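Protein chains: 2
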Amino acid sequence: METFTIKDIARELGISTSTVSRALRGSYEINPETKRLVMECAERLNYRPNPIALSLKGSASRAIGVILPQIANYFFSQAINGIEAIAYNRGYHVIIFQSQESYEREVANVQQSMSRKVDGLLMSLSSETSDVAHLQEVLDKNVPLVLFDRVSAELNVTKVVADNFGGAFAATEHLIQSGRKRIAHLTIQPWLSITQERLAGYRAALEKYGLEFDESLIRYGTFGPDEVGPMVDELMRYSSPPDAFFTASDRLAVGCLQALRQRNLHIPEDVSLIGFTNLNVAELLAPPLSTVVQPATEIGQVAAERLIDQIERKHRALPIETVKIPTELIVRSSTMTSSEVVSL
Amino acid sequence: METFTIKDIARELGISTSTVSRALRGSYEINPETKRLVMECAERLNYRPNPIALSLKGSASRAIGVILPQIANYFFSQAINGIEAIAYNRGYHVIIFQSQESYEREVANVQQSMSRKVDGLLMSLSSETSDVAHLQEVLDKNVPLVLFDRVSAELNVTKVVADNFGGAFAATEHLIQSGRKRIAHLTIQPWLSITQERLAGYRAALEKYGLEFDESLIRYGTFGPDEVGPMVDELMRYSSPPDAFFTASDRLAVGCLQALRQRNLHIPEDVSLIGFTNLNVAELLAPPLSTVVQPATEIGQVAAERLIDQIERKHRALPIETVKIPTELIVRSSTMTSSEVVSL
DNA sequence: ATAATTTGCGCAATCGATGTCGGGAACGTT
DNA sequence: AACGTTCCCGACATCGATTGCGCAAATTAT
Numbered sequence: 029m030e031t032f033t034i035k036d037i038a039r040e041l042g043i044s045t046s047t048v049s050r051a052l053r054g055s056y057e058i059n060p061e062t063k064r065l066v067m068e069c070a071e072r073l074n075y076r077p078n079p080i081a082l083s084l085k086g087s088a089s090r091a092i093g094v095i096l097p098q099i100a101n102y103f104f105s106q107a108i109n110g111i112e113a114i115a116y117n118r119g120y121h122v123i124i125f126q127s128q129e130s131y132e133r134e135v136a137n138v139q140q141s142m143s144r145k146v147d148g149l150l151m152s153l154s155s156e157t158s159d160v161a162h163l164q165e166v167l168d169k170n171v172p173l174v175l176f177d178r179v180s181a182e183l184n185v186t187k188v189v190a191d192n193f194g195g196a197f198a199a200t201e202h203l204i205q206s207g208r209k210r211i212a213h214l215t216i217q218p219w220l221s222i223t224q225e226r227l228a229g230y231r232a233a234l235e236k237y238g239l240e241f242d243e244s245l246i247r248y249g250t251f252g253p254d255e256v257g258p259m260v261d262e263l264m265r266y267s268s269p270p271d272a273f274f275t276a277s278d279r280l281a282v283g284c285l286q287a288l289r290q291r292n293l294h295i296p297e298d299v300s301l302i303g304f305t306n307l308n309v310a311e312l313l314a315p316p317l318s319t320v321v322q323p324a325t326e327i328g329q330v331a332a333e334r335l336i337d338q339i340e341r342k343h344r345a346l347p348i349e350t351v352k353i354p355t356e357l358i359v360r361s362s363t364m365t366s367s368e369v370v371s372l
Numbered sequence: 029m030e031t032f033t034i035k036d037i038a039r040e041l042g043i044s045t046s047t048v049s050r051a052l053r054g055s056y057e058i059n060p061e062t063k064r065l066v067m068e069c070a071e072r073l074n075y076r077p078n079p080i081a082l083s084l085k086g087s088a089s090r091a092i093g094v095i096l097p098q099i100a101n102y103f104f105s106q107a108i109n110g111i112e113a114i115a116y117n118r119g120y121h122v123i124i125f126q127s128q129e130s131y132e133r134e135v136a137n138v139q140q141s142m143s144r145k146v147d148g149l150l151m152s153l154s155s156e157t158s159d160v161a162h163l164q165e166v167l168d169k170n171v172p173l174v175l176f177d178r179v180s181a182e183l184n185v186t187k188v189v190a191d192n193f194g195g196a197f198a199a200t201e202h203l204i205q206s207g208r209k210r211i212a213h214l215t216i217q218p219w220l221s222i223t224q225e226r227l228a229g230y231r232a233a234l235e236k237y238g239l240e241f242d243e244s245l246i247r248y249g250t251f252g253p254d255e256v257g258p259m260v261d262e263l264m265r266y267s268s269p270p271d272a273f274f275t276a277s278d279r280l281a282v283g284c285l286q287a288l289r290q291r292n293l294h295i296p297e298d299v300s301l302i303g304f305t306n307l308n309v310a311e312l313l314a315p316p317l318s319t320v321v322q323p324a325t326e327i328g329q330v331a332a333e334r335l336i337d338q339i340e341r342k343h344r345a346l347p348i349e350t351v352k353i354p355t356e357l358i359v360r361s362s363t364m365t366s367s368e369v370v371s372l
């Protein structure tokens with residue numbers, strides 16, 4: 029099954045390529061009978077228009093680009109699933125690029141996807157990205173862009189995010205209500221939108237319950253596999269150490285759990301632990317991990333829908349808005365109160 | 029920063045596009061001085077050749093296509109990481125497609141990547157794929173192809189796989205040595221290469237220790253979230269139920285763990301459990317899960333290296349071979365013997 | 001019957017880059 | 001002085017598809 033071109037059809041039927049092209053696109057100025065012949069021939073040869081040629085001509089490529097920090101990450105891989113499902117249903121292909129949390133690679137990815145003429149771009153920013161000029165250029169070229177999860181306030185585009193504030197508030201409130209007073213917050217890079225929102229939720233909950241906000245209980249960073257442990261040590265050496273940990277990502281939740289267990293700190297007796305994650309095994313961990321679930325698949329779906337809506341209605345601009353997807357607090361053993369533990 | 033073409037440079041310098049093209053590619057028949065001018069101008073305008081135009085011309089696109097069943101899967105997402113790392117270092121971009129375990133979508137993905145003129149293809153077959161005609165066509169078009177993990181015996185191409193036989197043998201042997209005699213094997217679709225190899229390893233270990241191979245202890249399938257439970261029930265109702273479970277995938281291992289716990293079957297007292305997985309949280313589960321680790325990242329790296337080697341040495345055919353990456357048995361609590369459990 | 005439309009289709013340009021061919025200039029050779 | 005070589009470079013076709021323009025034939029209007 030070689031690949032046939034519009035020329036093959038033209039030759040076969042003894043007509044010009046222009047006529048074939050127009051017939052296939054259903055132009056009104058082609059004889060219905062000719063159209064029928066062309067369609068039939070195209071069908072017979074299993075003709076597929078060459079996307080490269082189409083792209084070169086500047087028309088739609090029916091492909092959307094997805095640029096995100098890391099695929100090997102629960103949240104993002106689920107988000108991709110959501111994106112793919114919607115894109116496939118609406119007839120788009122998905123081309124995925126990883127920035128590997130590098131600004132430079134993110135810029136290269138954007139260039140790549142632009143020159144590969146994607147119809148639109150779906151992005152979650154790398155943790156190194158603070159300058160968004162490369163994205164402004166995308167907008168200037170009139171290529172639809174939707175940000176999800178890690179977004180930038182500087183860009184006037186549609187954004188799809190979890191309710192980070194609400195989720196962090198709920199998690200913190202839950203910890204407070206279960207008797208915790210010194211809540212450490214382990215989070216990622218401070219300049220990311222999600223970090224700030226979660227931190228704000230955390231602070232708001234503390235405030236509501238009249239607890240002091242202690243900057244020394246907050247830790248930012250890209251914690252490698254062996255960096256969480258020392259940080260836990262440091263925190264636990266305080267004269268008044270934390271009695272709970274609230275972590276802001278999958279990786280941190282797991283790293284923290286591991287570090288606490290290695291140090292023989294019992295959860296939830298010694299410290300309480302709650303994550304902000306999508307781990308589907310959270311329930312099977314020891315102890316089962318309380319968590320704020322971000323609906324990753326749904327975020328991906330909504331983002332893809334918005335993007336394709338924009339692509340297909342390019343003339344009238346669609347309203348630009350920030351869609352907030354609710355998060356859900358799931359309480360498991362890792363945040364039980366001491367009395368609950370005893371009563372087991 | 030708009031995007032400049034070879035024409036812009038030509039106009040700027042008052043020379044022809046051919047000269048610019050040749051100068052940029054360092055052709056010997058261009059005056060060094062002219063070359064310098066062109067290079068300088070290209071630099072100044074931040075010229076980037078348009079990959080679409082290049083692809084249309086049929087030359088290298090410096091992109092490799094990756095087609096695999098599911099991104100939201102530990103094994104595959106790590107494999108992608110490995111692939112990406114190598115590809116990036118060697119100057120290639122990676123375009124990822126998901127077949128979603130569907131034969132039809134896999135075929136569509138192959139067509140897409142062909143018409144997008146990737147320089148080579150890296151694939152892991154969907155579970156529905158038994159006919160590999162679409163891949164034979166890829167080979168017929170002389171596009172380099174490397175299969176990894178889920179491969180097909182019918183295709184004469186380079187393959188990169190984990191040592192599935194060895195891993196399954198080691199896991200089974202370990203179970204036997206720790207006193208288990210009725211070992212159930214939960215695995216995926218029987219026609220997949222990895223399934224057969226693992227099953228063979230399992231059988232070989234049973235044989236070595238003179239244990240009977242009981243077909244009724246084997247279960248094949250694409251187990252959905254709630255399908256593992258009933259299967260466990262069925263097995264445990266046998267007059268001589270299994271005293272160990274050996275599962276062949278991440279999903280099955282977790283599903284099985286969950287099902288066993290829900291049914292109040294204690295691990296490892298009642299039954300032993302070992303998986304064939306890449307879960308980085310295996311150690312943190314309750315109980316910590318013994319497992320055969322497949323080096324997913326390494327598989328991806330090796331596959332990408334082989335592919336790019338083939339792409340870059342297209343003239344002389346490289347030897348076709350099957351690379352087997354060693355697996356590693358990691359013993360944790362889920363497969364302890366009863367005496368070990370007591371001694372805790 | 002002649003002019004004015006409409007219908008159906010082909011020619012050629014275009015997108016960005018490459019590659020084949022061939023030509024003019026400068027040089028060297030008899 | 002006439003011819004052959006090199007050296008540089010430009011014109012043009014090409015990849016696959018779309019599209020503006022124009023043209024002939026068929027149809028309708030006058």
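Chains as they are written, first to last, in the working numbering: chain A, 29 to 372; chain B, 29 to 372. All C-beta atoms in this analysis are idealised placements derived from N, C-alpha and C, irrespective of residue type, glycine included. Only a predicted model underlies this, so the values are computations on that prediction, with no experimental measurement involved.
Considering only the alpha carbon of each residue, which of the options lies closest to residue i?
{"i": "TYR131 (chain B)", "options": "B:PHE103, B:VAL160, B:GLU112, B:ALA113", "result": "B:VAL160"}
{"i": "ILE99 (chain A)", "options": "A:ILE37, A:ILE123, A:HIS162", "result": "A:ILE123"}
{"i": "ASN192 (chain A)", "options": "A:ALA310, A:ASP242, A:VAL320", "result": "A:VAL320"}
{"i": "CYS69 (chain B)", "options": "B:ILE327, B:PRO347, B:ASP36", "result": "B:ASP36"}
{"i": "ARG289 (chain B)", "options": "B:ASN306, B:SER267, B:ASN308, B:LEU317", "result": "B:LEU317"}
{"i": "GLU40 (chain A)", "options": "A:ILE58, A:LEU73, A:SER155, A:SER87", "result": "A:LEU73"}
{"i": "ASN117 (chain A)", "options": "B:ASN109, B:ARG133, B:MET142", "result": "B:ARG133"}
{"i": "PRO269 (chain A)", "options": "A:ALA332, A:LEU173, A:ILE246", "result": "A:ILE246"}
{"i": "ALA17 (chain A)", "options": "A:SER87, A:TYR75, A:ASN101", "result": "Outside the shown range of chain A (29 to 372) lies residue 17 (chain A), about which nothing can therefore be said."}
{"i": "MET364 (chain A)", "options": "A:ALA310, A:ILE302, A:ARG291", "result": "A:ILE302"}
{"i": "GLY110 (chain B)", "options": "A:PHE104, A:SER55, A:GLN126, A:ILE111", "result": "A:GLN126"}
{"i": "PRO296 (chain B)", "options": "B:CYS284, B:LEU307, B:SER221", "result": "B:CYS284"}
I want to verify the contact list: residues of chain B whose CB lies under 7 Å from the CB of residue i, in sequence order.
{"i": "SER83 (chain A)", "result": "ILE80"}
{"i": "LYS145 (chain A)", "result": "ILE80"}
{"i": "VAL282 (chain A)", "result": "VAL309, LEU312"}
Can you name the residues that DSSP bridges to residue i?
{"i": "ILE295 (chain A)", "result": "The partner list for ILE295 (chain A) (beta bridge, DSSP) is empty, contrary to what the question assumes."}
{"i": "ALA181 (chain B)", "result": "In DSSP, ALA181 (chain B) forms no bridge with anything."}
{"i": "LYS187 (chain B)", "result": "B:LEU175, B:THR350"}
{"i": "LEU214 (chain B)", "result": "B:ARG247, B:THR275"}
{"i": "THR319 (chain A)", "result": "A:GLY303, A:ILE358"}
{"i": "VAL94 (chain B)", "result": "B:ILE124, B:LEU150"}
{"i": "LEU313 (chain B)", "result": "A:LEU313"}
Using 8 Å for Cβ pairs, my map puts residue i next to residue j. What's the rounded Cβ distance?
{"i": "ALA115 (chain B)", "j": "ILE92 (chain B)", "result": "6 Å"}
{"i": "ASP271 (chain B)", "j": "SER244 (chain B)", "result": "Their Cβ separation, rounded to whole angstroms, is 15 Å, which puts ASP271 (chain B) and SER244 (chain B) out of contact at 8 Å."}
{"i": "LEU214 (chain A)", "j": "THR275 (chain A)", "result": "4 Å"}
{"i": "LEU197 (chain B)", "j": "GLY249 (chain B)", "result": "Residue identity differs from the one stated: residue 197 (chain B) is Phe in this sequence, not Leu. Between GLY249 (chain B) and PHE197 (chain B) the Cβ distance is about 23 Å, and since that is not below 8 Å, they are no contact."}
{"i": "ASN137 (chain A)", "j": "ILE95 (chain A)", "result": "5 Å"}
{"i": "THR45 (chain B)", "j": "THR62 (chain B)", "result": "Actually they do not touch by this definition, with Cβ atoms about 13 Å apart."}
Going along chain A in order, which residues have a C-beta closer than 7 Å to the C-beta of residue i?
{"i": "GLU112 (chain B)", "result": "GLN126"}
{"i": "HIS373 (chain B)", "result": "Not covered by the structure: residue 373 (chain B). The range shown for chain B is 29 to 372."}
{"i": "ASN117 (chain B)", "result": "Here the premise fails: no neighbours, minimum Cβ distance about 12 Å."}
{"i": "ASN170 (chain B)", "result": "Correct list: empty, because the minimum Cβ distance to chain A is about 12 Å."}
Identify the continuous alpha helix (DSSP H) that holds residue i and give its terminal residues.
{"i": "ALA331 (chain A)", "result": "324-340"}
{"i": "LYS352 (chain A)", "result": "Segment 350-353 is the beta strand (DSSP E) holding LYS352 (chain A); no alpha helix (DSSP H) there."}
{"i": "ASN247 (chain B)", "result": "Per the sequence shown, the amino acid found at residue 247 (chain B) is Arg instead of Asn. Run containing ARG247 (chain B): none in the alpha helix (DSSP H); it sits in the beta strand (DSSP E), 246-248."}
{"i": "GLU68 (chain B)", "result": "60-73"}
{"i": "ARG50 (chain B)", "result": "45-52"}
{"i": "PHE193 (chain A)", "result": "192-205"}
{"i": "ILE99 (chain B)", "result": "Looking at the DSSP string, ILE99 (chain B) is not in any alpha helix (DSSP H), and its letter there is neither H nor E."}
So which residues of chain B does residue i contact, with C-beta pairs closer than 8 Å?
{"i": "ARG76 (chain A)", "result": "GLN139, SER143"}
{"i": "GLN286 (chain A)", "result": "GLU311, LEU312"}
{"i": "GLN106 (chain A)", "result": "ALA100"}
Need the endpoints of the beta strand (DSSP E) that residue i sits in, please.
{"i": "GLN126 (chain A)", "result": "121-126"}
Residues of chain B with a CB under 9 Å from the CB of residue i: which are they?
{"i": "LEU313 (chain A)", "result": "VAL309, LEU312, LEU313, ALA314"}
{"i": "VAL330 (chain A)", "result": "Those within 9 Å of VAL330 (chain A) in chain B number zero; the least Cβ separation is about 17 Å."}
For residue i, return the contacting residues in chain A, with the cut-off set at a CB-CB distance below 8 Å.
{"i": "SER318 (chain B)", "result": "Ordered by position in chain A, no residue passes the 8 Å Cβ test against SER318 (chain B), which lies about 15 Å from the chain."}
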